[in-house]
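Protein chains in written order, with our numbering: chain A, -18 to 863; chain B, -18 to 863.
Beta carbons: idealized from backbone N, C-alpha and C, even for Gly.
Notes to accompany the following structure.
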C-alpha cells in the first residue's frame, strides 16, 4: 500500500531524501533537519499526493489515510511524552500547509490544536492559566477563521471590547492596552466571547481533538485552492496540480515566559549578502506575533546579551544548516524554556545584490563550485542590479503604475512635448518625457529625456523598444494617467501633475512616484564582475550588443559585448538636417537631379561619420550594420502645416508631397514596403549606405584602426532578394576593393526566410534572427496592437508569457529549422539572434539549444545575456531542465 | 565528337526522335515529317546546343560546326539536284529560327538565300525573270533588315517610289498599284535601289552565298536575344537558356505561277474545335504574303475547285499528321508547280472552347485516352469558357486596361457611388461600379453592380477578392484612369467618361471598353460537362466552394461543388438593419443590458435564416461556417457625420462612440484584434453565432432536410485558443443536443498554427488552410500594400508569380508540415484549403502533393478546381512534372 504519511523527530526522519515535490518545502526541511539530528519537534507530513487525490476525488481522502495519521500521531505522543486530548498533559499540535515552493502567507495554518475546555486546564497546570487561555483563544480564532470561515474581524472586535473594559478598569486609553496587559481572567472572557461568536454563526469548534485535527487537515488542503493562492500561483507560474503537503507538528511554546521566545534568522544578510547571522527575536512570544508586528522584535545580535549560550547554539545551528544545504537559510526557531527548537528552514529570500554576493562568496569559501555559483544567480536579478533601482522599502506610496518596459529608475521634470524635452535638457534640466504614446518623430525628445512614461502601448510599443535600445527607464501603458499633452498636464484620479512637476519612474517595477525618490546605483564591479567573468568561462556562445551610437557601443563594450549584432541605421536619418536631406532624396527619387545628388552626398557623409564612431568604439570586433528598414512614410510629414513647410523648403508643389504622402501610406505598414523591399524599388539608398560603410572603413584603416563591419539586409523573404541585393552591394564594395572583406548577410525575420533558409544561405554570409518581427509574423500579432487582447490571453493562460518578452515555441521552431537548413547549404554560415529576446534569459536558453552562434542584446542587457548564455551551457551539461 | 547538325529530306531524318529541346519545334516537326515519308524539302537543323554555346562563348561557334554545315549543305544539294551558288541552277535556302516552344513572329527568318547578281540570272532561266528579281529583292530586304539591321521602312520607301512611277506610267493612283502590277524591269529597279539603300549605310550583302549563309545563321541565333523575344519569354516564362535551333531548308516556291501557291491548314477548326480541315490558300505567292495580309487568301475549301487532286492530297496529309501526332496540327505548305511540300507542322493554337471540344472528340474517336483528354485541357482555359467573355477578334480598341482580377465580362452604366449603384440597380439598370478602391462599406454597391472597376490595388485587393467571391467580373489597378468620385467622372488621357456612360469590362483580360461590347456566354454542357465528368473519375481529392449566400451555394453546387469549404459570416452583418444591430452589440458589449440583448437576438435570427438558406442549398453536403473574422473597427463609422448619426440612433454620447472608434483603430489591422481573438475578449459573438447555427440545423431537420454544418474558427495561432473556444462552442451546442454532431475545426492561416499543428490538431476536427492570410504572414506581404513593390519583383523575376495568385513555396512547406504534424496527433483530421489558391490549378497540384483532402474555390472556379485536381492525380500517376 502506498505510504501517505511520513514521521520525523527523535532522530527519525522517514521522509529524508524524498524531496519537496512530495513533502513540500517545509516538510522536506523538517525531515532533513531531523535526519541531521537537529532539534526539531516531532511531527509528521501528509504528502502532496494526498492533496492531489483530494482534488481529483471530489475532496475525499484515500483509503488508509486515517489509520496512518492516527498511527503517526501516536509516535508523536510517544516522542513528546504527551497524549492528544489528555486532560492532564495534553499534546498540542500545529497543522501547517507547505507547498513544493514557498507561497508565503498564501495558505492556512492552525496552531495549538488539541485544546478544548478540558485540555486547556491541563495546559494551565503544565504552564500557567494566563498562557493556557491565551493559547486557547488563539486556537479558537484560527480555527474559526480557517476552518469555520468566520471573519477574523469579528473575533478582533470582541478582543477590542475586552480591552476596552480593561482600559476602563485601568483608567487608560484603549490604545495603550497591550496583549500583555491582559490576565488569565481576561483571556477566559475572550475565550467565552469567541465561542459565542462561533455559536452566533451556528457553528462550533468540536471538543474532540481528533475531530479538530481532521477538520484542520481538510482546511489546509482546501486552502490550496483559495483565491489568493490561485492568484499567487498564476503570477509565479506554479502548476495548480502540484498540491500542498500538510505538516502536523507537536507544539513548542515561545510564550511560556521570559525564558522563552521565538525568532527568525538568516545565515547571511539578505540585503547585502554579507556573511553574518542576521535575524530578529521576540522573547515570550509565538511566531505570529512577529509576523503580526504587534511587538517590535530585537535584532538577533541582542540575543547574545539575552543568553550568550543560546546565541552560541543558534549560530552553530545556522552554520550547520547552511553547510548542509550549501545555501543561505531562512530559519524559524522557538525557544521553549531555554531549549532551542527549529521549526522550519528554507532557502532565504535575498535582494538581487545579495544573491550575487552570496553565490560568489560561497564559491570562494569552497562551499559550492564556480559553475554552481553561476547557475545560482537569476539573470533577471542581475539585470536589476545593473540599473539604478528604487529600494521599495524606502519608497513612498506610488502615484500610479504601468507596464515596466525598460528597467532602471529616473527622476526629472515632467515634459509633454519632445521639442521642449530637448530644450529643457539643453538648459541643463533633467526631464521625464510623458506622452500618450511615442512615434519616431519623438526620438530627439526621447534621447533628451531621463526616462519615458506613456499611457498607452505594451512592452514592445515604440516607446518601450526605443527606450530599451537607449538603455533608458520607461514605464508604458500606465492607463490610469489621463494625459492632456496640449495643455501640459496629466491627472491620476484627483491628483493633477503639470509640466515642470518632478516625478520618478521605475522601469523595473512599473511604478510612478511624485517627487524625487532615492535610487540605488548599479555597478559592474566586485562580485557582479566576478560572477560575469566566471560566466564567460562556461559560456559557449557569443554575446553582442544592439547599439546604434558610439556611446551605446562603448557602454556595451564595457559591459562585455563581443561586437555589435545589430546597428540600426534609421535613427541616423532623423536629426534636424538629416531628415531634410533624406526628404529631399525621397522627393526626387524618381527625377533625380542636382538637389537629389547633393542631399544623398550629405546623408552619406553623416552616415560615414556615424559608422566611423561605432566602428571605432568596437575596434577589432565585428559590427553588423543593418541597412535602412522602416517604410518611407515614417520620414514624411503628415500634418498640413508640415507639408506646407516641406514644400516651401524643398521648392516643390504641395500637391507633389501630398501625393507622395498618400502613395506611401499603408494599411499594414509592418507588412509593407520596407526593408530590402525599399532597396528593390529604390536601390540608391542601400548603395549610398554601402558606400558610407566602405568609406568609413577605409578612413579608419588609414588612422590605424581595425574596423570589422558587416552589412545586413532587413526583411528578406526570398532567396532572390538576397541574390539580387548581394550582387549590388558587392559591386559597390568592389569600387573600394572591400568586396572580399565585408560580409553580406541577412536578418531572418519572416517565416519564409526561416522555412527556405537553405536557399537563402547560398547568398548570405550570416543570418541574424530578428525575433521581434518574426514573432509578429509567426503569431500574426502586431506589437503595436497586441495590447488590445494580450492581457486576456495572459489572464486566461492562453500564452505562458508575453511572446515579445520571452520567445514563443513556434518562433523557436523556425529558429531551429533555419539553423539546420541554413547550415545545410552553407557550412560557414554564422547565425545569431538580435531581437529583443536576445537579452531574455529564458529565450537565450532556447536559442542556445537551437544552435545559434551568438545572441545580441541591448547594451544594459549584455551582462544578463552573458550570464544566461553561460547558464544555458551549464544546464545542457548537467542535463537540468530550464 | 558531338553532332551539331542533323539532316532531313529524301526519306532520311537524322534527328528523328531527338525532340524539341534539341531541334526546336519547327526542326523536330520537319524531321518527323521526313521520317514519315511526307513531302518535306531537304534541309538540316543546327541544334539549340549551338545557340547555348554561342551565348556562353562570347558569340562564337563550336569547333567543327562549319564542316558539319558544309557537309549537310552538300546533302541538300544532292537531294535537290542543285548547287549552292551555281549560276546556272542555284540552290536557294531558307534560314529559319525554331525554339523548343513556338514564339510566333518573335525571331528572324531569311528566305531565298543564295541569290546574288549571278545566281539571279540562273533563277531567271529556271523560272522567269520577273520571279527571279522579285525573289532577289525579297532576299535583299530580309537580309538588310535581319542581318544588316537596316530598317525595313527604308526599303519600303524605295518600293513605294517605284510604284509611284509605275502609277504615273499607268495613269493610276499609287494605292491601286499592286505587287502583281510590277514587271521584271520594275523589280530590277527595286533591286538596284535596295542595293543603294544598303550601300548608303556603308554595308553590303556579300555576293558569296556561303558568306551569306554564315551571316544569316549568326543573325538567327542573335535574334534569340532581341528585346521582343526576351519580353515574350518573360511573359510566357520560357527560360533564356533554352536557345533556338536554326533550320536551313531548300527553298520551294509558291510564286512560280498560277500552278503554285502557299497556305496554312488546321486539322480541326481552331475556333470551334469541329473536325473539319480549316485553312487558307493563296495561289502564286510566298508564305510572307499571307502573313503580311497584302492579298486576301481563299478559304482552304476553295482549293477543291482550284485543284481537286491537290485538295485530296492536302486532306490526306492533314489526317496523316493528326494521326501521327494525335493532336490538332497547324501546317504550313507550299505548292510548287502542282507539287505539295510541307514546310512546318506544329500543335495548332485554338480557342479555349475548341481545346475542350477537341480533347473530348479525340478521346471519343479513340485517338487518345480519356485521361489524356483530361490532361490536355488547360484549367486556365476552362476558367475562360465558364465566364462570359469577349471575343477580342470582334471587339473594338480598348479604352484602357488594368489588372484582370475576376474573370468574365460585364457591361453597364458607370456609377461611382455604391449607394447610387444600389439605387440604379433597384431601378432596373445594370451598372459598373467604378471606385479608386473599395472598402467593406461598399459591399452593397458591389453586390448591386455587374462588375467592378478600380484604379488602385492588385489581384488581391478588397475589390478583387470580393468580386471573385461574388463571381463578378472585376478589373482593378487600372492606373491610367483618373477617377473623380465626387464629381462623378473619370478620364483616360483626353477621354472623359461620366456617370451614366456605358462601358464594358473584361475581367479575364483586364480590358476596358467604351460602350456595350458583345460577349460570349458560358455553359456547363456538352464537351465542358463531359470533360469534367471524366475529370471526376480521376480526381482523388474533394472540391468544395467558398460561398457566403444561398445563391452562391446553388451556383457552386451546379458547378459540382461537394460542399462548402468556407462560408464567411461577416458579410451577413453589413445589411442596413444588421449593421445597426451589430453596432448596438459592440457599443454595449461591456455594459450589456436590454438594448444589447435585443440587438443580439435580432442578429441571431438574421443569421439563423442565412444559415438555413446555405444549408438548404447544400443539403446533405458539409458546410463549413467560419465564425466572425474581421476586426470590430470595420463595422464602426469613421466620419464625423456618421458618428453623430450613430450616437443619435443608439441614444449614446458621441464621445463614447469616438472613444470606441479610437480604441479599435489599429496600426496593422491584419495582425490585430480579429478572428478568434475577438471571441477571446468578447465570447458572446461566437456563442450567438453557434446558437444560430444550431437553431438553423434543428429547424431544417424538422423540415426534413439533412443539414451538415461544421464550425470553423479563424486566425488561431495557439492550441490554447482552440482548446478554450472549442469548449465554449461545444457547451453551447450541448444546449441543443448537437455537441456530438457538429464538428469544430480551425483555419490554419498563421505560420504558428502550421508549425504547431500537432498541438492544435488535438482540439480540432478539421483544418482548413487559409492561404491568403498565410501568404501574408509567411512572406510578410500585406495584400493591401503589396502593389507598391510587387511589380518590381515580377519585373526582376524575384518571384515567379504573384504569390497571392499561385501559392509560394514557403507557404507550401507550411502546408506540408501542418498536414504531417496535424495527422500525427489526430488520425481523423480532415484537411482542406480555402484560400484563393484553392481555385488556382498550379497551386492545387502542390496542395495535392502536400496531402490535403480537398480544395475549396469560389463558385465559378469549382469546375476549374475539379479539372486541376484530376490533373494533379493523373500527373502524379504518370510521374510527369507540373
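Next item on the list: Can you have a look at residue -17(B) and say buried or exposed, based on whether 16 or more other CB atoms are within 10 angstroms of its CB?
Entry: Label assigned to residue -17(B): exposed.
Notebook entry, point to check: Of all the residues that make up the segment 792 to 806 of chain A, which are near chain B by a beta-carbon distance shorter than 9 Å?
Noted result: 792, 794, 795, 798
Next item on the list: Work out the CA separation of residue 625(A) and residue 486(A) for me, nearest whole Å.
Entry: 38 Å
Notebook entry, point to check: Quick one: is residue 245(B) near chain A, going by C-beta distance under 9 Å?
Noted result: No, its Cβ sits nowhere closer than 9 Å to a Cβ of chain A.
Next item on the list: With residue 677(A) as the anchor, note down where its alpha helix (DSSP H) starts and where it stops.
Entry: In the DSSP assignment, residue 677(A) falls within the unbroken alpha helix (DSSP H) covering 665 to 683.
Note to self: With a threshold of 9 Å between beta carbons, is residue 89(A) in contact with chain B?
What the structure shows: no
Check: Between residue 869(B) and residue 65(B), what straight-line distance do the alpha-carbon atoms span, to the nearest angstrom?
Finding: With chain B covering -18 to 863 only, the question about residue 869(B) has no answer from this structure.
Item checked: chain A within 9 Å of residue 465(B), Cβ atoms only -> no
Item checked: Close-in-space but distant-in-sequence residues of the same chain around residue 806(B) (CB under 7 Å, 5 per side omitted) -> 739, 742, 743
Next item on the list: Could you pull out every residue in the same chain whose Cβ sits closer than 6 Å to the Cβ of residue 472(A), ignoring the five residues on either side in sequence?
Entry: 463
Note to self: Under DSSP, the alpha helix (DSSP H) around residue 310(A) begins and ends at which residues?
What the structure shows: Run containing residue 310(A): none in the alpha helix (DSSP H); it sits in the beta strand (DSSP E), 310 to 317.
Item checked: Selection from 823(B), 97(B), 45(B) that minimises the alpha carbon distance to residue 786(B) -> Looking at the Cα atoms, 823(B) is the closest of the given residues.
Check: Should residue 286(A) go down as buried or exposed, given a rule of 16 or more other Cβ atoms within 10 Å for buried?
Finding: exposed
Check: Whole-angstrom Cβ separation of residue 71(B) and residue 103(B), contact assumed at under 8 Å?
Finding: 5 Å
Margin query: Is the separation between the beta-carbon of residue 459(B) and that of residue 491(B) shorter than 9 Å?
Written below: yes
Check: With 9 Å set as the bound, which would you pick, yes or no: does the beta-carbon of residue 737(A) sit closer than that to a beta-carbon of chain B?
Finding: yes
Next item on the list: Alpha carbon to alpha carbon, how far is residue 771(A) from residue 762(A)? Give it in angstroms, no decimals.
Entry: 9 Å
Next item on the list: Mind listing, in chain order, the continuous beta strand (DSSP E) runs of no fewer than 3 residues lying wholly within the segment 145 to 231 of chain B?
Entry: Those beta strand (DSSP E) runs which fall completely within the segment 145 to 231 of chain B and span 3+ residues are 226 to 231.
Next item on the list: Using the DSSP secondary-structure output, state which residues sit across from residue 512(A) in a beta bridge.
Entry: Note: residue 512(A) sits in no beta bridge, so no partner.
Check: What three-state label does DSSP hand residue 376(B) in the structure shown?
Finding: coil
Note to self: Tell me which residues share the same chain as residue 729(A) and place their Cβ nearer than 6 Å to its Cβ, disregarding the 5 neighbours each side in the sequence.
What the structure shows: 735, 748, 750, 799
Note to self: Going by beta-carbon coordinates alone, are residue 149(A) and residue 234(A) separated by less than 9 Å?
What the structure shows: no
Note to self: So residue 752(A) contacts chain B; which residues on that side make the cut at Cβ distance below 8 Å?
What the structure shows: The contacting residues do not exist; residue 752(A) stays about 13 Å from chain B at best.
Item checked: Environment of residue 572(B) [buried if 16+ CB atoms lie within 10 Å] -> exposed
Checklist line | alpha helix (DSSP H) runs contained entirely in the segment 683 to 743 of chain A, provided each spans 4 or more residues | finding: 700 to 715, 732 to 736, 738 to 741
Check: How long is the line joining the alpha carbons of residue 323(B) and residue 228(B), rounded to whole angstroms?
Finding: Linking residue 323(B) to residue 228(B) through their CA atoms gives a straight-line distance of about 14 Å.
Next item on the list: State yes or no: is the beta carbon of residue 654(A) nearer than 9 Å to at least one beta carbon in chain B?
Entry: yes
Item checked: Bridge partner(s) assigned by DSSP for residue 867(A) -> No statement about residue 867(A) is possible, as the shown extent of chain A runs from -18 to 863 and does not include it.
Notebook entry, point to check: Per DSSP, residue 322(A) is paired with what?
Noted result: 315(A)
Margin query: Excluding the 5 residues flanking residue 552(B) on each side, which residues of the same chain have their C-beta closer than 7 Å to its C-beta?
Written below: 424, 529
Notebook entry, point to check: Mind checking if residue 661(A) is an interface residue toward chain B, Cβ cutoff 9 Å exclusive?
Noted result: yes
Check: Near residue 14(B), which residues of its chain fall below 7 Å by C-beta distance, leaving aside the five closest residues on each side in sequence?
Finding: 21, 323, 326
Check: Just by C-beta distance, which residues in the segment 639 to 654 of chain A are closer than 7 Å to chain B?
Finding: If the cut-off is 7 Å between Cβ atoms, the segment 639 to 654 of chain A has 647, 648, 649, 650, 651, 652, 653, 654 near chain B.
Checklist line | Contacts around residue 861(B), its chain only, beta-carbon distance under 7 Å, and the 5 residues preceding and following it disregarded | finding: In this prediction, residue 861(B) scores a pLDDT of 44, lower than 50, which makes its location untrustworthy; no coordinate-derived value is stated.
Next item on the list: List the residues of chain A whose Cβ lies closer than 9 Å to the Cβ of residue 758(B), in chain order.
Entry: 652, 731, 732, 757, 758, 759, 760, 761
Checklist line | Rounded C-alpha distance that separates residue 782(B) from residue 410(B) | finding: 38 Å
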